[in-house]
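**Q** Per the numbering used here, residue 1454 is the first one in the sequence shown, and the count goes up by one each step. The beta carbon of each residue, even a glycine, is placed where N, CA and C say it ideally should be.
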Amino acid sequence: GLAPSPSLDREEERALEDRCGDASVQVRKKALDVLTSRAGGSIEAAQSWVRSCLPLVRDSESTCQERTANAALDLIIAPLASSSQTKPPPDSTWRLLSSMGDADGDKANLQHCLRLLSKRRPTGVPPHLAKRLMELLRAEPNKQQLWWLAEEVSPLQP
1454 GLAPSPSLDR EEERALEDRC GDASVQVRKK ALDVLTSRAG GSIEAAQSWV
1504 RSCLPLVRDS ESTCQERTAN AALDLIIAPL ASSSQTKPPP DSTWRLLSSM
1554 GDADGDKANL QHCLRLLSKR RPTGVPPHLA KRLMELLRAE PNKQQLWWLA
1604 EEVSPLQP
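(1) In the DSSP assignment, the alpha helix (DSSP H) including M1587 goes from what residue to what residue?
(2) So what does DSSP say about T1576, is it helix, strand or coil?
(3) By a C-beta neighbour count over all protein chains shown, 10 Å radius and 16 as the cutoff for buried, is E1605 buried or exposed?
(4) I want to know whether the region 1475-1483 touches the region 1512-1528 - three or more CB-CB distances under 8 angstroms.
(5) Enumerate in chain order the residues of its own chain whose CB-to-CB distance from L1582 is below 8 angstroms, with the five nearest sequence positions on each side excluded.
(6) Report yes or no: do three or more beta-carbon pairs, one from the region 1566-1577 and one from the region 1544-1555, lie closer than 8 angstroms?
(7) Check the C-beta distance from L1507 over to L1563 and give it rounded, since I have them as a contact under 8 angstroms.
(8) Are there 16 or more other CB atoms within 10 angstroms of the CB of A1592, so buried, or fewer, so exposed?
(9) Sort T1539, E1588, M1553 and L1469 by Cα distance to A1525 and report the nearest one.
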């Protein structure tokens, strides 16, 4: 997994968010890596990642798209897929999901990550993710994020 980096102050975090839109591919990737390494640490860090990093899945550079999809896999999708009754998804995953709003295209960006990942077999979307999401929904039916994620994943999996 990704080890969290030391906390950044708000100004440093904003500067990194801005770097996600830099003209240089290398700068965008580095900012993505740093923000990803601390994305689940707090609600602010989660919001920062969703706002600045997740849109890079639609970057003009395919390596940025792939890196963003991989980050979404590591931070959100894999922890949900590997969870169980005795090992619930980590708080960091819930923080990231709850940071996603409808208005900003966040869900569309995560859907785009899922589509990119679904093209990569066998390393893309975990094979039992749809089933696991249904189990999580039975346990936590009030988690809105799970509903739309399940709707998106179901067509990708038998």
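**A** In terms of the structure at hand:
(1) Where M1587 is concerned, the enclosing alpha helix (DSSP H) stretches over L1582 to A1592.
(2) coil
(3) buried
(4) Contact between the region 1475-1483 and the region 1512-1528 is present: 3 or more CB-CB pairs across the two stretches fall below 8 angstroms.
(5) I1530, L1533, A1534, V1606 and Q1610
(6) no
(7) 7 angstroms
(8) exposed
(9) M1553
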